[in-house]
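Engineer:
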Amino acid sequence: MSTNGRGVNFEVHPIAGRIGAEVVGVRLSGELESATVEEIRGTLLKYKVIFFRGQTHLDEPSHEAFGRLLGNIVPHPTVPSVKGTEAVLNIDGTNGNRAIAWHTDVTFVDAYPQMSILRALVVPTRGGDTVWANTAAAYHSLPPKLREISDKLWAVHSNAYDYSVPSANLKPEALRRYFEVFSSTVYETEHPVVRVHPETQERTLVLGAFVQKFVDLPKADSRTLFNLIQSYVTRVENTVRWRWSVGDVAIWDNRATQHAAVDDYDDQPRLHRRVTVAGDVPVSIDGRRSVTRKREVRASTIAAAAAS
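Residue 268 in numbering that gives the first Met the number 0 is what sits at position 269 of the sequence shown, and the numbering runs on without skipping anything.
1. Is residue 219 buried or exposed, if buried means 16 or more other CB atoms sit within 10 Å of its CB?
2. How big is the Cα-Cα spacing for residue 282 and residue 257?
3. By DSSP, does residue 161 sit in helix, in strand, or in coil?
4. Leaving out five residues on either side along the sequence, give the residues of the same chain with a beta carbon under 8 Å from the beta carbon of residue 141.
5. Under 8 Å between the Cβ atoms of residue 270 and residue 88?
6. Rounded to a whole number of angstroms, what is the C-alpha to C-alpha distance between residue 157 and residue 248?
7. Quick one: any contact between the stretch 107-120 and the stretch 240-247, if contact means 3 or more CB pairs under 8 Å?
8. Three-state secondary structure (DSSP) at residue 60?
9. With residue 308 and residue 93 assumed to form a contact (beta carbons below 8 Å), what rounded beta-carbon distance in angstroms separates them?
10. Beta-carbon within less than 7 Å of residue 44's beta-carbon, same chain only, minus the 5 sequence neighbours each way: which residues are those?
11. Starting from residue 143, trace the alpha helix (DSSP H) in both directions and tell me its first and last residue.
12. Considering just the uninterrupted stretch of the alpha helix (DSSP H) at residue 294, what are its terminal residues?
13. Look at the alpha carbon of residue 113 and the alpha carbon of residue 265, and state the distance between them as a whole number of angstroms.
14. Take residue 274 and list the residues in its own chain whose beta-carbon comes closer than 7 Å to its own, dropping the five residues that flank it on each side.
15. Is the Cβ-Cβ distance between residue 185 and residue 297 less than 8 Å?
16. Given a cut-off of 8 Å, decide if residue 101 and residue 208 are closer than it, judged by their beta-carbon atoms.
17. Can you say whether residue 18 is buried or exposed, counting buried as having 16 or more other CB atoms within 10 angstroms of its CB?
18. Buried or exposed for residue 30, going by 16 or more other Cβ atoms inside 10 Å?
19. What does the Cβ neighbour count give for residue 290, buried or exposed, with the cut at 16 atoms within 10 Å?
20. In terms of alpha-carbon separation, which member of 28, 21, 237, 280 lies closest to residue 138?
21. Where does residue 284 land, buried or exposed, given buried means 16+ other C-beta within 10 angstroms?
22. In this structure, does DSSP put residue 275 in helix, strand or coil?
23. Kindly indicate the opening and closing residues of the alpha helix (DSSP H) around residue 183.
24. What residue range does the alpha helix (DSSP H) around residue 88 cover?
25. So the alpha helix (DSSP H) residue 139 belongs to, where does it begin and stop?
26. Taking Cβ positions, are residue 225 and residue 205 nearer each other than 8 Å?
27. In whole angstroms, give me the CA-to-CA distance for residue 58 and residue 132.
In structure tokens form, the structure reads like this:
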């Protein structure tokens with residue numbers, strides 16, 4: 000049982016050893032008391048990703064309203080929001096959006112979201128889980144020499160890469176259409192590989208599938224070093240896996256996690272909706288801030304983005 004002395008009571012059940020907890024006894028909405036919201040935030044900071052079962056009452060307006068209690072909600076920078084909403088992203092596993100590569104949401108921009116709130120509408124009868132990794136635990140798992148190298152590295156992140164493929168279960172045309180929209184504006188942003196979390200002061204790794212290369216290193220060498228450091232993120236002991244049911248909600252600290260969907264549900268339908276909360280520009284351990292170096296609108300894909 001979690002209580003903060005202000006009459007806020009709900010149960011917190013840790014799931015894995017280093018990440019993840021289920022919260023029981025909260026009905027999510029835009030009408031929660033501030034003390035409850037702060038307790039949820041504190042639980043999130045501790046466990047990195049938290050899960051709520053049975054939130055089938057949520058719809059797009061109440062999903063956004065709850066998100067606003069946690070901060071300013073922001074739309075995806077390239078993919079249009081669900082019609083009639085400010086910042087609800089449709090994540091449909093049948094249209095190319097499977098997100099099966101390990102990633103942190105939207106790191107191709109400088110101030111990427113601080114948290115994501117994902118709601119399950121349709122789930123496969125089997126498969127389709129999501130796995131999260133604790134990037135603070137991963138940083139502390141690094142050998143001292145590799146940690147020292149990571150502390151000084153900067154990486155170029157870009158969305159000129161389709162993090163939702165390859166998948167043998169999707170038609171090439173669906174993938175092509177999705178990628179055209181996803182990369183309708185191409186970003187390139189330099190982030191420190193190690194950022195200081197603004198609330199917990201933990202050091203977390205900023206890597207994932209949007210990384211193109213490390214600054215001042217050739218691509219081939221960057222890939223070798225990336226694979227080494229990234230392997231500490233995805234070690235089983237740093238992860239938690241969630242089996243979805245309709246009405247489940249997952250909230251994760253996007254500054255301290257990576258995640259990936261498991262592509263094992265063939266052609267079964269899988270539909271989620273996501274709201275993201277605005278984040279801050281990452282700061283390295285020596286006080287430097289991330290910077291976007293490129294923002295280029297692709298004229299040939301504007302029509303595709305508008306039509307989707």
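For glycine and all other residues, C-beta sits at the position ideal for the given N, C-alpha and C.
Structural biologist: Walking through what the data contain:
1. Counted from its first residue, the sequence shown places residue 219 at position 220. In summary, residue 219 is exposed, with fewer than 16 beta-carbon neighbours lying within 10 Å of its beta-carbon over all protein chains present.
2. In the sequence shown, residue 282 corresponds to position 283, counting from 1. In the sequence shown, residue 257 corresponds to position 258, counting from 1. C-alpha of residue 282 to C-alpha of residue 257: approximately 18 Å in a straight line.
3. The sequence position of residue 161 within the sequence shown is 162, counting from 1. Residue placement at residue 161 is poorly supported in this model, since its pLDDT is 48, which falls under 50; the coordinates still yield a value, given next. When DSSP states are grouped into helix, strand and coil, residue 161 belongs to the coil group.
4. For the purposes of this step, residue 141 is taken as residue 142 along the sequence shown, with counting starting at 1. Excluding residues up to 5 positions away in sequence, 149, 228, 231 lie with their Cβ nearer than 8 Å to the Cβ of residue 141 in the same chain.
5. For this step, residue 270 is matched to residue 271 along the sequence shown. For this step, residue 88 is matched to residue 89 along the sequence shown. Note that the C-beta distance between residue 270 and residue 88 is not below 8 Å.
6. Mapped onto the sequence shown, residue 157 falls at position 158. Mapped onto the sequence shown, residue 248 falls at position 249. Between the C-alpha atoms of residue 157 and residue 248 there is a straight-line separation of about 28 Å.
7. Contact between the stretch 107-120 and the stretch 240-247 is present, because at least three Cβ pairs lie under 8 Å.
8. For the purposes of this step, residue 60 is taken as residue 61 along the sequence shown, with counting starting at 1. If DSSP states are grouped into helix, strand and coil, residue 60 belongs with the helices.
9. Given a span of 0 to 307 for the chain in the structure shown, any question on residue 308 remains unanswerable.
10. Numbered from 1 along the sequence shown, position 45 holds the residue referred to as residue 44. Once the five neighbours on either side are set aside, the close Cβ partners of residue 44 are 198, 199, 252.
11. Along the sequence shown, read from residue 1 onward, the residue named residue 143 stands at position 144. Judged by DSSP secondary structure, residue 143 falls within the alpha helix (DSSP H) whose first and last residues are 143-151.
12. Looking up residue 294 in the sequence shown gives position 295. Counted as a single uninterrupted DSSP element, the stretch harbouring residue 294 is not any alpha helix (DSSP H) but the beta strand (DSSP E) occupying residues 290-296.
13. Mapped onto the sequence shown, residue 113 falls at position 114. Mapped onto the sequence shown, residue 265 falls at position 266. Rounded to whole angstroms, residue 113 to residue 265 spans 31 Å at the Cα level.
14. Here residue 274 is taken as the residue at index 275 of the sequence shown, counted from 1. For residue 274, same chain residues with a beta-carbon under 7 Å away, outside a window of 5 residues either side, are 62, 63, 66, 72, 86, 87, 116 in chain order.
15. Along the sequence shown, one-based indexing puts residue 185 at 186. Along the sequence shown, one-based indexing puts residue 297 at 298. In terms of Cβ geometry, residue 185 and residue 297 form a close pair [threshold 8 Å].
16. For the purposes of this step, residue 208 is identified with residue 209 of the sequence shown, where counting begins at 1. For the purposes of this step, residue 101 is identified with residue 102 of the sequence shown, where counting begins at 1. Cβ distance < 8 Å, so residue 208 and residue 101 count as in contact.
17. The sequence position of residue 18 within the sequence shown is 19, counting from 1. So residue 18 ends up on the buried side.
18. As a working note, residue 30 is residue 31 in the sequence shown. Burial is judged here by how many other beta carbons sit within 10 angstroms of a residue's own beta carbon; residue 30 has fewer than 16 and is exposed.
19. Here the question's residue 290 lines up with position 291 in the sequence shown. Exposed, since its Cβ has fewer than 16 Cβ neighbours within 10 Å.
20. Locating residue 138 in the sequence shown gives position 139, where the first residue counts as 1. Per the Cα distances, 237.
21. For the purposes of this step, residue 284 is taken as the residue at position 285 of the sequence shown. With fewer than 16 other Cβ atoms within 10 Å, it is exposed.
22. For the purposes of this step, residue 275 is taken as the residue at position 276 of the sequence shown. Residue 275: strand per DSSP, three-state reduction.
23. As a working mapping, residue 183 is identified with position 184 in the sequence shown. Counting along the chain, residue 183 falls outside any alpha helix (DSSP H), and DSSP gives it neither H nor E.
24. Indexing the sequence shown from 1 puts residue 88 at position 89. Where residue 88 is concerned, there is no enclosing alpha helix (DSSP H), although the beta strand (DSSP E) it sits in stretches over 87-91.
25. Within the sequence shown, the letter at position 140 stands for residue 139. First-last of the alpha helix (DSSP H) with residue 139: 134-140.
26. For the purposes of this step, residue 225 is taken as residue 226 along the sequence shown, with counting starting at 1. For the purposes of this step, residue 205 is taken as residue 206 along the sequence shown, with counting starting at 1. Going by beta carbons, residue 225 and residue 205 fall outside the 8 Å limit.
27. Within the sequence shown, residue 58 is the residue found at index 59, counting from 1. Within the sequence shown, residue 132 is the residue found at index 133, counting from 1. Rounded to the nearest angstrom, the two C-alpha atoms are 28 Å apart.
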